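Chains as they are written, first to last, in my numbering: chain G, 3 to 288; chain A, -10 to 109. This report concerns only the one structure given below.
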Amino acid sequence: MSIEIENITKCFGKTTALNQVNLTFEKGKICGLLGNNGAGKTTLFRLIANHIFPSEGTIRVDGEEVWDNDRVLGKMFLVSEGNLYPESMKVKDGFRSAGIFYPGFDLENANRLAELFHLPLKKKIAGLSTGYKTIYKLVLGLSVNTPYLLLDEPVLGLDASHRELFYKLLIEKIAESPCTVLLSTHLIQEAAPLVEQTIIIEEGKILRNRPKDDLLEEYCLITGPSSKLEEWLPGKKIVKKASLGGLASVYIEGTVEEADLPQGFTKEKLSLQEYFILLTNGGIAS
Amino acid sequence: MAQLTEHSPIFQQIAELLEDAILSGAYEEETQIPSITEFATTYKINPATALKGVTLLVEEDLLYKRRGLGMFVREGAKSKLLKKRREEFAVTYISPLVKEATRLELSKEDVLEMLERRWK
């Protein structure tokens, strides 16, 4: 039971948005999809949800191809910037039509969440602010009870307290009825504690696909006096250096025991955000 | 609630704060601790990660599961933790103290004197 992406390539004219992508999303995990703008995240989401078709390759959900397969498409829900419903609809009518497409839709839950977010049920979707349009889609996503939940930038336009409420409700949902979540976000620090598997994408290619805790063991940051650091460095694989006067910091591959460090040196683990920036902007990948 | 940091694995931090709560008596022996969902929503973490942290304490027999009810603190957990933390004390607190004292060129006598003065 999983989503399997096999050799997917997607071209838009002369642009290759995704290039030979292979991925598997294991059931019941929260998977974070990280990538800079234009990396191909949204294209990947739209391919999985069958909104667009791959130039090459296949996508299977629980062993069945997604292409034009209503049964498979009923197993997933995509929250993205695009809109699936006519905007002239009122929020409550949107809820009602979601119930037609998704038999597992829990209207009572949708109403409860709408109240928590202060989402007005009688207002037309077109009349909602950017933030509330997102909230409307999140309320649907958290109420359809599909085994797969695809969240493409789910907190776009949400203020801090609404983001916090959303994370809390997502955790509650997963704890009550486990589902597979694929989530992309630029707010890495906020989402990091939720993510188990991390996928990093750049220029249409998958750079990493590993459990988050393993990923963060790949590099560490050592800080100490420049002169001493230079003596210590030979034999270490240096990824990036920075200095502040006589103080120097280096990112090195692997990790070292604190006890093995010379006096006056400190070691730090990377946060997911630091790791991501190091990998994609630090030029390690290229 | 205490904030989690990103610099050590979250499940270990959950295990540590559970230990602290047992030590302080916030979670008393033979009483129920909050559910996995409560931990997960409070700290905004993955329920699987919260479970992993709780499991660490179950493996050490500090917590146990009552079917259909939830997790409870084992009788004797506090004294067991005291013993464990005392064993770790030298590594966790004294080693960094000696390291920093050496860096500041303080003698053993200097440090002992400070310790004497601050000890109630």
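Virtual Cβ for every residue (Gly too), placed ideally from N, Cα, C. Every value quoted in this text rests on a predicted model; they were computed, and no experiment measured them.
For residue i, which residues in chain G fall below 9 Å Cβ to Cβ?
i, result
"Glu(-5)/A", "Gln191, Ala194, Pro195, Leu218, Lys271, Leu272, Ser273, Leu274, Gln275 and Glu276"
"Arg92/A", "Gln265 and Gly266"
Please classify residue i: does DSSP put it in a helix, a strand, or coil?
i, result
"Lys3/G", "Strictly speaking, residue 3/G in this sequence is Met, with Lys absent from that position. DSSP places Met3/G in coil when its eight states are reduced to three."
"Thr292/G", "Chain G is shown from 3 up to 288; residue 292/G falls before or after that span and cannot be answered."
"Pro213/G", "strand"
"Gln(-8)/A", "coil"
"Tyr150/G", "strand"
"Leu171/G", "helix"
"Lys41/A", "helix"
"Gly247/G", "coil"
"Gly65/G", "coil"
"Glu18/A", "coil"
"Thr187/G", "coil"
"Phe107/G", "coil"
"Ile34/A", "coil"
"Thr136/G", "helix"
"Thr257/G", "coil"
"Ser288/G", "In this prediction, Ser288/G has a pLDDT of 45, which is less than 50 and means its spatial position is unreliable; what the coordinates show is noted afterwards. Three-state result, Ser288/G: coil."
"Gly101/G", "helix"
"Lys31/G", "coil"
"Gly96/G", "helix"
"Asn21/G", "strand"
"Ile54/G", "coil"
"Gly143/G", "helix"
"Asn9/G", "strand"
"Leu46/A", "helix"
For a contact meaning CB atoms closer than 8 Å, what does residue i contact in chain G?
i, result
"Ile34/A", "Ile173, Pro195 and Leu196"
Between the beta-carbon of residue i and the beta-carbon of residue j, is there less than 8 Å?
i, j, result
"Leu249/G", "Ser229/G", "no"
"Leu153/G", "Leu189/G", "no"
"Thr26/A", "Pro36/A", "yes"
"Val81/G", "Val74/G", "no"
"Ile5/G", "Tyr150/G", "yes"
"Leu71/A", "Leu46/A", "no"
"Ile11/A", "Val62/A", "yes"
"Arg92/A", "Gly266/G", "yes"
"Leu218/G", "Lys271/G", "yes"
"Glu155/G", "Thr187/G", "yes"
"Lys69/A", "Leu51/A", "yes"
"Leu171/G", "Leu235/G", "no"
"Leu196/G", "Tyr221/G", "no"
"Gly133/G", "Leu160/G", "yes"
"Thr148/G", "Gly101/G", "no"
"Ile10/G", "Glu58/G", "yes"
"Met60/A", "Ile22/A", "yes"
"Glu89/G", "Ile137/G", "no"
"Glu255/G", "Lys269/G", "no"
"Ala39/A", "Ala29/A", "yes"
Can you name the residues of chain G whose CB is closer than 7 Å to the CB of residue i?
i, result
"Ala29/A", "Ile173 and Ala177"
"Thr26/A", "Glu174 and Ala177"
"Pro23/A", "Result: empty, since nearest Cβ-Cβ is about 12 Å, beyond 7 Å."
"Ile(-1)/A", "Pro195"
Can you list the residues of chain A that residue i reaches, using a CB-CB cut of under 8 Å?
i, result
"Tyr303/G", "The displayed coordinates of chain G run from 3 to 288. Any statement about residue 303/G would go beyond what the structure contains."
"Lys170/G", "Thr30 and Lys33"
"Asp215/G", "Pro(-2)"
Going by DSSP, what residue range makes up the beta strand (DSSP E) through residue i?
i, result
"Gly225/G", "According to the sequence shown, residue 225/G is Thr rather than Gly. Here the beta strand (DSSP E) through Thr225/G covers Tyr221 to Pro227."
"Glu77/A", "That residue, Glu77/A, is in no beta strand (DSSP E); its alpha helix (DSSP H) goes Ala66 to Phe78."
"Val62/A", "Gly59 to Val62"
"Arg55/A", "Leu52 to Arg55"
If you follow the alpha helix (DSSP H) that residue i is in, where does it begin and where does it stop?
i, result
"Thr200/G", "Premise fails: Thr200/G lies in the beta strand (DSSP E), Gln199 to Glu204, not in any alpha helix (DSSP H)."
"Val87/A", "Ser84 to Arg92"
"Gly15/G", "Gly15/G -> no alpha helix (DSSP H), and no H or E assigned at all."
"Thr45/G", "Lys43 to Ile50"
"Ile3/A", "Ile(-1) to Ser13"
"Arg106/A", "Lys97 to Arg107"
"Glu2/G", "The shown model of chain G, from 3 to 288, leaves out residue 2/G, and the question about it has no answer."
"Val74/G", "Asp72 to Leu75"
Since residue i meets chain A, which of its residues come closer than 7 Å, beta carbon to beta carbon?
i, result
"Ile32/G", "Asn35"
Within the present structure, is the beta-carbon of residue i separated from the nearest heavy atom of the ligand ATP by less than 7 Å?
i, result
"Met60/A", "The ligand ATP is not among the ligands present in this structure, which contains no ligands whatsoever."
Would the segment 270 to 282 of chain G and the segment 198 to 207 of chain G be scored as touching if the rule is three or more Cβ pairs under 8 Å? yes
Do three or more CB pairs link the segment 132 to 143 of chain G to the segment -4 to 14 of chain A at distances below 8 Å? no
I'd like to know if the segment 44 to 57 of chain G and the segment 118 to 128 of chain G are in contact, where contact means that at least 3 CB-CB pairs between them fall below 8 Å. no
Are there three or more Cβ pairs, one per stretch, closer than 8 Å when the segment -9 to -1 of chain A is compared with the segment 241 to 257 of chain G? The segment -9 to -1 of chain A vs the segment 241 to 257 of chain G: no contact.
Check whether the segment 16 to 31 of chain G and the segment 170 to 184 of chain G touch, using three or more Cβ-Cβ pairs below 8 Å as the test. yes
Sufficient close CB pairs (3 or more, under 8 Å) joining the segment 14 to 24 of chain G to the segment 203 to 216 of chain G: yes
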